[in-house]
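J.:
2 protein chains.
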Amino acid sequence: MNLDKIYTDLTIPNESKIALVVYDGVGDIATESTGFRTPLEVAKTPNLDALAKHAAMGRLTPVAPGITPGSGPGHLGLFGYDPLEFEVGRGVIEALGLGIELKAGDIAARANFCTLNAKGLVTDRRAGRIDTKVCEAQVEILKKKIKKIGDVEVIIKAGKGHRFVVVFRGKGLEGPLTNSDPGREGQPIGVAKPIKKTAKTTKTAKIVAEFYKQALPLLKNCRPANGFLLRGIAHQPHIPSFQDRYGLKAACIAIYPMYKGLAQLVGMTKIEGAHSLAEEFELAVKALKTYDFVFIHIKPTDAAGEDGNFAAKVAAIEEADAGLATLIAAQPDVLVVTGDHSTPVPVKGHSWHPQPVLIASEISGWDGMERFTERAANHGSLGIFDAKYLIRFMQANAKRFDKFGA
Amino acid sequence: MNLDKIYTDLTIPNESKIALVVYDGVGDIATESTGFRTPLEVAKTPNLDALAKHAAMGRLTPVAPGITPGSGPGHLGLFGYDPLEFEVGRGVIEALGLGIELKAGDIAARANFCTLNAKGLVTDRRAGRIDTKVCEAQVEILKKKIKKIGDVEVIIKAGKGHRFVVVFRGKGLEGPLTNSDPGREGQPIGVAKPIKKTAKTTKTAKIVAEFYKQALPLLKNCRPANGFLLRGIAHQPHIPSFQDRYGLKAACIAIYPMYKGLAQLVGMTKIEGAHSLAEEFELAVKALKTYDFVFIHIKPTDAAGEDGNFAAKVAAIEEADAGLATLIAAQPDVLVVTGDHSTPVPVKGHSWHPQPVLIASEISGWDGMERFTERAANHGSLGIFDAKYLIRFMQANAKRFDKFGA
């Protein structure tokens, strides 16, 4: 019994429009330090409140009980792909985050500059957390000298602090490889080896080894970052497209590259041009005219949570609320508001706490809640469920499922 | 780990009595069109209210998130059989619905009269939705001429409109076969082929082909219904009996044939004689004296939901409430009230919304709810859970499970 196949068999097309609004990291917790209130509870959200009065609510377990997701698994779950089944390598996620447009067959690796001693042993896996500018300068050195290894193109891009990304583009490559990062100090740089030996992974391992051979001498005189460690060396996974899986022509509206990249991974069309929350919602309304499904990504809630800034998170929710009015006025058949995970202010980072979710449609029913908050959502008709099923409720509310059995 | 086996191993016999009352399609949603109330909320139900004050509550996911079940999967779930594992063909369900008593090995097919043009292509898959009387007359023509094909008995029965059922009864038959229904107009009638080729499915396909060979000429001059299409051609599946699985001697009380048929599928004894809700409850009280488990099916709630008739659904719930008093007075050890799925008035059909469930026993506990409604059930101690586990809670409340582990 393959449940995904049953869902696919039941899928029927129609003209309905679905909007998924993701307030990144919106879920929060009420603790003594926050006056026992959450940002959603404190924020003034007249538009979200109006929506709540026509909506079913619940909470989403992003991956599995107690598991805190990164942005990749968080979004894959919302898009209906079990994050435990569809694993996306850290290299791929980082590359997407830096705005590198990956192609099928590309191998991406996440890289850290590190410090090596005279014996070639790693003495600091983060090279004293060098400044981003230092990182950028050193990446320039590598980029200038290493453009190709054999028939494989090498793309290098600096990230924040000691982090950068390496992408290998060419024929016959495949991951994953083991990390060259030994995981602790006092060890030499490891050899990245195929996890499953095939002609393609063997070729990839050779290219990575050759990259090290060429790159390390170029960094010889750099201090403290005279080496680098690779992790999550893998190719972009094959993921069945949104269209094939759900029969939905989907578009993505986001400001940050990582979210556009994640949406593209599942075959959504990236709609460019938004530079503010207001513009994102305006573009969403436009996109709903030609797409069945529009995903709108709102970043500031997560950033405020990461900073442990309660007031900033409240402000971000309130700012998004104004944009939400634009979307509500466009009357999509199904309107969902949720997060990709929680980023509670007291945690100052992502967490496992289930994020609240709201589904508003003509047939969602109303659970009796006046507002959309974590604690209201606890009492909703959707219960606490795995994020991967959210898309199924969206399809059902859009009347895009046939009846099962007679 | 086979959970069903663990449950079986833990099962212990006792003298307890369990009653399962199914208000078909009782679950509903509160929307603006219904004044933000559900029929259960509006109905005056003194007896259900009294029960609520001694009950645990929750909601049942009939099949899987977002999946709307037909009556077959809906009831199988309530009976503790995972509807995704125990699939019952449409032909079998339709035959049960028409009151045909299927025997082990019978092959049942759902049939639609259709219109064929001179080239033998299907021009209308429903023959202009002919009247039931026309259907009955044409079925008579077929019945008269085709009683047996080789050693296989052929049973034909008219349904509503253009629908009828064909049952093939004989030795060595097995399904499923592919549909002869091409699924769209402009195509010829398809050939029903074995989905898995065996001696039995091959024989079945031959019998079906021969049935077509004999039947089509008989309809030659019928207009517009000069052909027919078969779907869901399958044998009655083997389902472990209620007695074997739960150690419960079970009886069924229903007015409509389909529900009696579904109960018989799992080995319940059909108790005849009820023509009204009141009579159903009276028979149930009697049956509890000789059976461990009695399933009572109440139809009017579903019919009212299908019609989108709020007042009729309220009236159906109120009418059932009077009968419920009879059952409560008989003091079964475990009394459960639920639906097989929701049939919300605003949907005018079955839906995926989890139906509310109430379990009252000496040890069910009280969740603090004054009434049994969808929104009260959201707060219950049972949570939202898969319907297939309901039977396990019934067994547990009946003290029919031993402790697991020391």
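Chains as they are written, first to last, in the working numbering: chain A, -14 to 391; chain B, -14 to 391. The beta carbon of each residue, even a glycine, is placed where N, CA and C say it ideally should be.
1. Beta carbon of Phe378 (chain A), beta carbon of Ile344 (chain A): below 7 Å?
2. Determine which residues share a DSSP beta bridge with Ala235 (chain A) and list them.
3. My understanding is that Glu304 (chain B) touches Thr23 (chain B), with C-beta atoms under 8 Å, so please give their C-beta distance in whole angstroms.
4. When you compare each of B:Lys130, B:Phe227, B:Met243, B:Gly146 to Val198 (chain B) by their alpha carbons, which one comes out closest?
5. Report yes or no: is there a C-beta of chain B within less than 7 Å of the C-beta of Ala297 (chain A)?
6. For Ile78 (chain B), return the contacting residues in chain A, with the cut-off set at a CB-CB distance below 9 Å.
7. Please name the residue, chosen from A:Leu203, A:Asn211, A:Val176, that lies closest to Ala194 (chain A) on a Cα-to-Cα basis.
8. Looking at chain B, is there any beta carbon in it that lies within less than 7 Å of the beta carbon of Tyr276 (chain A)?
9. Using a Cβ cut-off of 7 Å (strictly closer), state whether Phe266 (chain A) contacts chain B.
10. I'd like to confirm the pairing. Which residues does DSSP put opposite Cys207 (chain B) in its beta bridges?
11. Do the CB positions of Gly57 (chain B) and Ile85 (chain B) come within less than 7 Å of each other?
12. With DSSP as the reference, label Gly368 (chain B) as helix, strand or coil.
13. For the beta strand (DSSP E) holding Leu320 (chain A), just list the boundary residues, first then last.
14. Three or more C-beta pairs closer than 8 Å, one from the stretch 311 to 322 of chain B and one from the stretch -13 to -3 of chain B: is that the case here?
15. Under 7 Å between the Cβ atoms of Lys279 (chain A) and Ala289 (chain A)?
16. Nearest by alpha-carbon distance to Val124 (chain B): which of B:Arg114, B:Leu247, B:Ala200, B:Asp277 is it?
17. What does the alpha-carbon distance come out to for the pair Asp371 (chain A) and Ile369 (chain B)?
18. Shorter than 7 Å from the beta carbon of Phe21 (chain B) to some beta carbon of chain A?
19. Could you tell me the distance, in whole angstroms, from the CA atom of Gly324 (chain A) to the CA atom of Gln340 (chain B)?
20. Of all the CB atoms in chain A, is at least one closer than 7 Å to the CB of Pro397 (chain B)?
21. Am I right that Leu247 (chain B) and Ala94 (chain B) are in contact with their C-beta atoms under 8 Å? What's the rounded C-beta distance?
22. Check whether the stretch 99 to 118 of chain A touches the stretch 163 to 178 of chain A, taking contact to mean three or more Cβ pairs, one atom from each stretch, closer than 8 Å.
23. Starting from the beta carbon of Tyr374 (chain A), find every residue of chain B whose beta carbon is closer than 9 Å, and list them in chain order.
24. Under the three-state reduction of DSSP, which class applies to Leu83 (chain B): helix, strand or coil?
25. Anyone know if the C-beta pair for Ala383 (chain B) and Val319 (chain B) falls short of 7 Å?
26. Which residues, in order along the stretch 5 to 16 of chain B, keep a beta-carbon less than 9 Å from a beta-carbon of chain A?
27. May I have the straight-line CA-CA distance separating Arg114 (chain B) from Asn97 (chain B), to the nearest angstrom?
28. Would you give the residue range spanned by the alpha helix (DSSP H) that Asp109 (chain A) belongs to?
29. Let me know if Asn164 (chain A) comes out buried or exposed under the rule of 16 or more other beta-carbons within 10 Å of its beta-carbon.
30. If Leu262 (chain A) and Ile283 (chain A) are in contact, beta carbons under 8 Å, what's the gap, nearest whole angstrom?
31. Mind pulling the chain A residues with CB within less than 7 Å of Asn363 (chain B)?
32. Along chain A, in chain order, which residues have C-beta atoms closer than 9 Å to that of Arg148 (chain B)?
33. Report yes if the CB atom of Ala28 (chain A) is closer than 7 Å to the CB atom of Val322 (chain A), and no otherwise.
34. Between Pro161 (chain A) and Lys182 (chain A), what straight-line distance do the alpha-carbon atoms span, to the nearest angstrom?
35. Give me the Cα-Cα distance between Glu70 (chain A) and Ala4 (chain A), rounded to the nearest whole angstrom.
36. On a Cα-Cα basis, can you pick out the residue from B:Lys(-10), B:Gly334, B:Gly105 that is closest to Pro173 (chain B)?
T.: Reading it off the structure:
1. yes
2. A:Phe278
3. About 17 Å separates the two Cβ atoms, so there is no contact after all.
4. A small correction: the amino acid at residue 198 (chain B) is Lys; Val does not occupy that position in the sequence shown. Out of B:Lys130, B:Phe227, B:Met243, B:Gly146, B:Lys130 has the C-alpha closest to the C-alpha of Lys198 (chain B).
5. no
6. Gly390, Ala391
7. A:Val176
8. no
9. no
10. Its beta-bridge partners do not exist; DSSP assigns none.
11. no
12. strand
13. 319 to 323
14. no
15. The question names Lys, but residue 279 (chain A) is Val in the sequence shown. For Val279 (chain A) and Ala289 (chain A), no; Cβs fall outside 7 Å.
16. B:Ala200
17. 13 Å
18. yes
19. 27 Å
20. Nothing about residue 397 (chain B) can be reported from this structure: the residues present for chain B run from -14 to 391 only.
21. In fact, because the Cβ distance is near 18 Å, the residues do not count as touching under 8 Å.
22. yes
23. Ala49, Pro50, Gly51
24. coil
25. yes
26. Asp13, Ile14, Ala15, Thr16
27. 9 Å
28. Not the alpha helix (DSSP H): Asp109 (chain A) falls in the beta strand (DSSP E), residues 107 to 109.
29. buried
30. 6 Å
31. Asp352, His364, Gly365, Ser366
32. None at all; the shortest Cβ gap to chain A is about 11 Å.
33. no
34. 10 Å
35. 25 Å
36. B:Gly105
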